[in-house]
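Asker:
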Amino acid sequence: MNLILTIIAAVVVAILLAFVIVKYIPLKLRWLVSILLLLAAVFLVVKIYDGVMEPIKFNKEKKVRYAKVIEQLKIIRDAQIKFKDAKGVFAKDKSSLINFIENDSLVITETINVEKEITLGGGITKKISVKKIDTTGFEPALKYFKDKPYKEMFSVPGTEKEFEMATGEIEKITGLFVPVFEVKTEKKEILKGLPNHLIKQELEAIEADQIKGQFVSVGSLEDVSTGGNWPPFYDGKDEKTDSEE
């Protein structure tokens, strides 16, 4: 919108200047006007270039910032999933989650098929195969996080903020309550320092290839989900941001 207004204003000014030059400026002074017009044209070109490049630069920078934030959210999600595997619920705070990673263990299980004979009645029996889960040992939770910055996973990259985390439970079916969690941070904090009008547009994003809404988040307090609200390309292992190409 700013670019369109700049172009319209430039056209109006150009028309007015042309009228003034023809009607009021003596011939011997028109060389000076030509120089001023040249400078004005250069200024206009710069403004148009900046207007075109501003959203392009914004989109590149936001992807870089979002990618760093999402990597942290993925670590928290992985930790919460392991925590639930071990304890049946999600961790309520960051200290519980970090302590779990550093000091707790996960059960190692093995699933085998076992033949079982059942009676069908009338002296008839039948052998069926059933799955049996056996505990074969334990492994430290730290094994899954030793190469990840889990101690700083709650710090929002590029800001002085920490992720907000909440847990709860929802009724999946009648009488069955399932634990849920959500971790989030505001997009405006991540994008601080970028043009305000573009940040405002980003907070209202609804397109499928954008992070919708005002937060970058993982999990949900309303649905049974451990997914993030970011588009799939942020999950690509070899995905590069535009600035890295």
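Numbering (full-length UniProt numbering), first residue to last: 1 to 245. Glycine residues also receive a C-beta, built at the ideal position from the N, C-alpha and C atoms.
Would you mind reading off the limits of the beta strand (DSSP E) that contains Lys127?
Answerer: The count along the sequence shown starts at 1 and reaches residue 127 at position 127. First-last of the beta strand (DSSP E) with Lys127: 124-140.
Asker: Determine which residues share a DSSP beta bridge with Phe177 and list them.
Answerer: Looking up residue 177 in the sequence shown gives position 177. Answer by DSSP bridge pairing, in chain order: Glu171.
Asker: Rounded to the nearest angstrom, how far is the Cβ of Thr125 from that of Ile118, given a contact under 8 angstroms?
Answerer: Start at 1 with the first residue of the sequence shown, and residue 125 comes out as number 125. Start at 1 with the first residue of the sequence shown, and residue 118 comes out as number 118. The pair is a contact, with the Cβ atoms about 7 angstroms apart (cut-off 8 angstroms).
Asker: Across which residues does DSSP place Ser105 in a beta bridge pair?
Answerer: Position 105 of the sequence shown, counted from the start, is the residue given in the question as residue 105. DSSP, once it has assigned bridges, lists Pro140 as partnering Ser105.
Asker: Taking Cβ positions, are Val156 and Ile190 nearer each other than 8 angstroms?
Answerer: Taking the sequence shown and counting its residues from 1, one reaches residue 156 at position 156. Taking the sequence shown and counting its residues from 1, one reaches residue 190 at position 190. Yes, the Cβ-Cβ distance between Val156 and Ile190 is below 8 angstroms.
Asker: Going by beta carbon distance, what residues of the same chain come within less than 7 angstroms of Glu169, once the five residues before and after it are set aside?
Answerer: As a working note, residue 169 is residue 169 in the sequence shown. Result list for Glu169: Phe177, Val178, Pro179, Val180, in chain order.
Asker: Would you mind reading off the limits of the beta strand (DSSP E) that contains Gly219?
Answerer: Here residue 219 refers to the residue found at position 219 of the sequence shown. Counting along the chain, the beta strand (DSSP E) containing Gly219 begins and ends at 215-219.
Asker: Starting from the C-beta of Glu61, find all residues in its chain whose C-beta is less than 7 angstroms away, skip the five residues before and the five after it, and write them out in chain order.
Answerer: Stepping through the sequence shown from its first residue, residue 61 is reached at position 61. Excluding residues within five positions, the ones whose Cβ falls inside 7 angstroms are Leu194.
Asker: Within 8 angstroms, do at least three Cβ pairs link the segment 219-232 to the segment 100-111?
Answerer: Because the criterion of three Cβ pairs below 8 angstroms is not met, the segment 100-111 and the segment 219-232 do not touch.
Asker: Helix, strand or coil: which one does DSSP assign to Ala40?
Answerer: Taking the sequence shown and counting its residues from 1, one reaches residue 40 at position 40. In this structure, Ala40 counts as helix in the three-state DSSP scheme.
Asker: Using alpha carbons as the reference points, say which of Gly121, Lys146, Ile75, Ser34 lies closest to Lys184.
Answerer: The count along the sequence shown starts at 1 and reaches residue 184 at position 184. Nearest C-alpha to Lys184: Ile75.
Asker: Which word fits Asp235, buried or exposed, when buried means at least 16 other C-beta atoms lie within 10 angstroms of its C-beta?
Answerer: To locate residue 235, count along the sequence shown from 1; it is residue 235. Flag for Asp235 reads exposed.
Asker: Ends of the alpha helix (DSSP H) at Gln201?
Answerer: The residue you call residue 201 lines up with position 201 of the sequence shown. Run containing Gln201: 196-203, per the alpha helix (DSSP H) assignment.
Asker: So, at 7 angstroms on beta carbons, what are the nonlocal neighbours of Ser220 in its own chain, with the 5 sequence-adjacent residues on each side left out?
Answerer: Counted from its first residue, the sequence shown places residue 220 at position 220. Cβ neighbours of Ser220 beyond the five flanking positions: Val180, Glu182.
Asker: Which residue or residues does DSSP assign as beta-bridge partners of Ala166?
Answerer: By 1-based counting over the sequence shown, the position of residue 166 is 166. For Ala166, which the question treats as bridged, DSSP gives the partners Glu182.
Asker: By how many angstroms is the C-alpha of Leu73 removed from the C-alpha of Lys146?
Answerer: As a first step, residue 146 is located in the sequence shown; it is residue number 146 there, counting from the start. As a first step, residue 73 is located in the sequence shown; it is residue number 73 there, counting from the start. Their backbone Cα atoms lie some 17 angstroms apart in a straight line.
Asker: In whole angstroms, what is the alpha-carbon distance linking Asn229 and Gln201?
Answerer: Translated into positions along the sequence shown, residue 229 becomes position 229. Translated into positions along the sequence shown, residue 201 becomes position 201. If I take the Cα positions, the gap works out to 17 angstroms.
Asker: Determine the burial state of Phe138: buried for a count of at least 16 other Cβ atoms within 10 Å of its Cβ, exposed for fewer.
Answerer: Taking the first residue of the sequence shown as position 1, residue 138 is located at position 138. Result: exposed.
Asker: Going by beta carbon distance, what residues of the same chain come within less than 8 angstroms of Glu54, once the five residues before and after it are set aside?
Answerer: Locating residue 54 in the sequence shown gives position 54, where the first residue counts as 1. Within the same chain, Glu54 has close Cβ partners Pro195, Leu198.
Asker: What separation, rounded to the nearest whole angstrom, lies between the Cα atoms of Lys84 and Glu162?
Answerer: In the sequence shown, counting from the first residue as 1, residue 84 sits at position 84. In the sequence shown, counting from the first residue as 1, residue 162 sits at position 162. The alpha-carbon atoms of Lys84 and Glu162 are separated by roughly 22 angstroms.
Asker: Provide the residue span of the alpha helix (DSSP H) that contains Lys188, from first to last.
Answerer: Working through the sequence shown from its first residue, we reach residue 188 at position 188. First-last of the alpha helix (DSSP H) with Lys188: 187-190.
Asker: Quick one, are the C-beta atoms of Ala79 and Leu106 less than 8 angstroms apart?
Answerer: Within the sequence shown, the letter at position 79 stands for residue 79. Within the sequence shown, the letter at position 106 stands for residue 106. No, the Cβ-Cβ distance between Ala79 and Leu106 is not below 8 angstroms.
Asker: When the Cα atoms are used, what is the spatial distance from Thr167 to Ala205?
Answerer: Indexing the sequence shown from 1 puts residue 167 at position 167. Indexing the sequence shown from 1 puts residue 205 at position 205. Near 26 angstroms, if we compare the C-alpha coordinates of Ala205 and Thr167.
Asker: Which residue's Cα is closest to the Cα of Leu142: Pro26, Phe215, Lys82, Ala208?
Answerer: Residue numbering aside, residue 142 sits at position 142 when the sequence shown is read from its first letter. It is Lys82.
Asker: Considering only residues of the same chain and omitting the five flanking positions on each side of Lys116, which have a CB-CB separation below 8 angstroms?
Answerer: The residue given as residue 116 occupies position 116 in the sequence shown. Excluding positions up to five away in sequence, the list reads Lys127, Ile128, Ser129, Val130.
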